[in-house]
Every structure is written in C-alpha cells, then in structure tokens.
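Take the sequence shown: its letter number 67 is residue 472 in my numbering, and every next letter is one higher. Just so it is clear, CB atoms sit at the ideal spot from N, CA and C, and this is done for glycine as well. From a predicted model like this one, the values you see are computed outputs, not experimental measurements. As structure tokens, the structure follows; a few thoughts come after it.
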Amino acid sequence: MDVRLLEATDDPERVICTAARCDYSAEYVGDQPFEELMSTIEGDDLDEKKRTLIGHLLSHGHFGPFEHPQATFAVEGISRSCMAQLPRHRHVSFDVQSMRYVAFDEVDPDEVREGAMVVTPPAVTDADWIGRNQRQTDTDEATVERRREVFRESVTQSVESYQELLDLGMAPEDARFVLPIGTEVNLVFSLNARMLMHVADMRAAADSQWEIRELTESILDLAAEWCPVTFEYYDEHLKGRKNRLAP
Ligand SMILES: Cc1cc2nc3c(=O)[nH]c(=O)nc-3n(C[C@H](O)[C@H](O)[C@H](O)COP(=O)(O)OP(=O)(O)OC[C@H]3O[C@@H](n4cnc5c(N)ncnc54)[C@H](O)[C@@H]3O)c2cc1C
Numbered sequence: 406m407d408v409r410l411l412e413a414t415d416d417p418e419r420v421i422c423t424a425a426r427c428d429y430s431a432e433y434v435g436d437q438p439f440e441e442l443m444s445t446i447e448g449d450d451l452d453e454k455k456r457t458l459i460g461h462l463l464s465h466g467h468f469g470p471f472e473h474p475q476a477t478f479a480v481e482g483i484s485r486s487c488m489a490q491l492p493r494h495r496h497v498s499f500d501v502q503s504m505r506y507v508a509f510d511e512v513d514p515d516e517v518r519e520g521a522m523v524v525t526p527p528a529v530t531d532a533d534w535i536g537r538n539q540r541q542t543d544t545d546e547a548t549v550e551r552r553r554e555v556f557r558e559s560v561t562q563s564v565e566s567y568q569e570l571l572d573l574g575m576a577p578e579d580a581r582f583v584l585p586i587g588t589e590v591n592l593v594f595s596l597n598a599r600m601l602m603h604v605a606d607m608r609a610a611a612d613s614q615w616e617i618r619e620l621t622e623s624i625l626d627l628a629a630e631w632c633p634v635t636f637e638y639y640d641e642h643l644k645g646r647k648n649r650l651a652p
C-alpha cells in the first residue's frame, strides 16, 4: 500500500492552542496576537508553551480543540476488505475508487497470479505468521506452498471470470460480483486530529486486523510530521492504552 498526506490545516497546533485559549479568555481571540494569547502558559518560548498547553489538554481529556485541524490522506492499494472497515468511523469523509466506472479489463491474469490487483495476506507466504482466530499455529513450508497455490489460483480464476463476463456484455457493476474481497482499491479520506487519534486507538490496537493496523501506522507517521507535538504526546501517553478519545 501507499499512503500520502494530500492536504492539511496549516500550523495545526497554533489552531488547537488558539481554540483552547478561547475557552478561558475574557478577550476575543480573533483580535489577539498568538504570542499574547499564550503569554500565561508555562514555557520559555512559543514551542515550549504549545507543548505545555497541548500536553495539558490531552492529559485532562479536553479533546474539543483537536477537532479543528483537518487532514486529507490518499491511499493506494488496500484490499476492499480493509476499505470496508474504515467508513465505520462516522466522522471521516471518503471518496472510494468505483468498480462501476473503473473496469479491470486490461489487467493480465498472469500478473494477478504473481500478486497484482489482489492484496496477498502474509499467511499466504509466511509460515511463521499467526493470524487472529487461526485454526492451526504450527505451519510447515509445504502447507504455506499449498496455501500460495490455492490463493493464487483462486484470485486468478476470479479475475479471468470477471473479464469473461465483461466480454459477454455484462456491466462492470455486475461483473464485479465475482471479484475477491482482497481486490485492491484506492481512496481519499479526510478527518480531524481528534478523530485520527480515535481511529488509531481502535485500529492500531493489537486486536485489529494486520492490514488496517499497517495503514493506521502509516497515517500516524504522517500525522507526526503534520502535527508533531500532539502526535508525539499521543504516541508516548495515549497509544495502546484505554481508549479515551471516544470511549
Ligand atoms: C478489532 C475490531 C473488530 C471489529 N469487529 C466488528 C465486527 O465484527 N462487526 C462490526 O459490525 N463492526 C466491527 N468493528 C467496528 C466497530 O464496532 C465500530 O463500528 C467501529 O470501530 C467504529 O468505531 P466507533 O464505534 O468508536 O464509532 P465512530 O464512528 O468512530 O465514532 C466515534 C465515537 O463517536 C460516538 N458516536 C458516533 N456515532 C454515534 C451514535 N450514533 N450514537 C452514539 N455515539 C456515537 C461514539 O462515542 C464513538 O466511539 C470492529 C472494530 C474493531 C476495532
């Protein structure tokens, strides 16, 4: 998969701090220079003051200010199975590549057999991989080889059938019914910083599925560049603990 930050609120932590100062300020924050707004916050410079205030907000569960900065991500090549999990988060906005208007009629089935177009779960190639609810834990190389054959044959056959149905005049929206749930999809989604932390609480957790965990870790890496103080605090103090952002 590939994950990129397409667009995001400029200077998100200034926005977070300004919104938070609004709550406790007798003055109108729209009229006040940022330095003045932050003058009573502990810290030798503005960066330290931001760190103090953001740490205070997150440690006290004051999450509202984190709803103001917004980020838009592009994702390439996750499975339809993984994609179906994301929109369960109702405060996230999505655009998902269509299987009605995009037809996979040019894809070579031989390339599908080699791993194109359909995401390959690690259990197909890695004997040591242990998935959640797995029936058997001691897997030898012969078993993995057989898994690989079954998986590759099955997805290749699906794509061949799909293309034959297109050739027989079926619309992509109907022919797609035979495609595997592992078929790759691209999407764009937008969410605010609070929701991003909530999604990470749910989807970077150990009981989440491997693919959405990988996606979430990539999103968190990008978020740490975009909104560094917030996501550094999240990583050190909130990640992997009890979900506090939307329990
Ligand atoms: C490991 C794992 C396994 C899962 N397995 C399944 C499964 O087998 N089947 C399945 O259907 N789903 C499954 N889910 C999805 C899960 O049940 C949630 O729907 C999904 O994670 C969205 O999270 P959320 O409930 O926090 O809601 P979000 O939409 O992310 O909303 C954030 C918060 O807003 C509040 N909120 C939003 N909407 C409402 C509302 N209408 N009423 C009250 N409060 C609201 C809640 O506090 C919520 O936590 C799974 C999720 C995980 C992480």
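Relative to the Cα of residue 484, the nearest Cα in the group 557, 553 and 590 belongs to 590. The set of residues with a C-beta under 5 Å from any non-hydrogen atom of ligand 1 comprises 493, 494, 495, 607, 612, 613 and 651, given in chain order. Under the DSSP assignment, residue 476 falls outside any alpha helix (DSSP H), being part of the beta strand (DSSP E) whose first and last residues are 475 to 484. From the listed residues 425, 524 and 537, the smallest Cα separation to residue 610 is found for 537. Here residue 493 is exposed. Its C-beta has fewer than 16 other C-beta atoms within 10 Å. Between the beta-carbon of residue 594 and that of residue 497 there is about 5 Å, and that keeps the pair under the 8 Å contact cut.
Straight through space, the alpha carbons of residue 495 and residue 412 are spaced by roughly 20 Å. Taking one beta carbon from each stretch, the segment 458 to 477 and the segment 633 to 649 have 3 or more pairs nearer than 8 Å; the two touch.
In the DSSP assignment, residue 462 falls outside any beta strand (DSSP E) and within the unbroken alpha helix (DSSP H) covering 451 to 464. In this structure residue 408 does not touch residue 625 by the C-beta definition: roughly 10 Å separates them, more than the 8 Å allowed.
For the pair residue 648 and residue 472, the CB atoms are not nearer than the 8 Å cut-off.
CA-to-CA, the gap between residue 446 and residue 454 works out to about 6 Å.
Rounded to whole angstroms, the separation of the alpha carbons of residue 629 and residue 643 is 14 Å.
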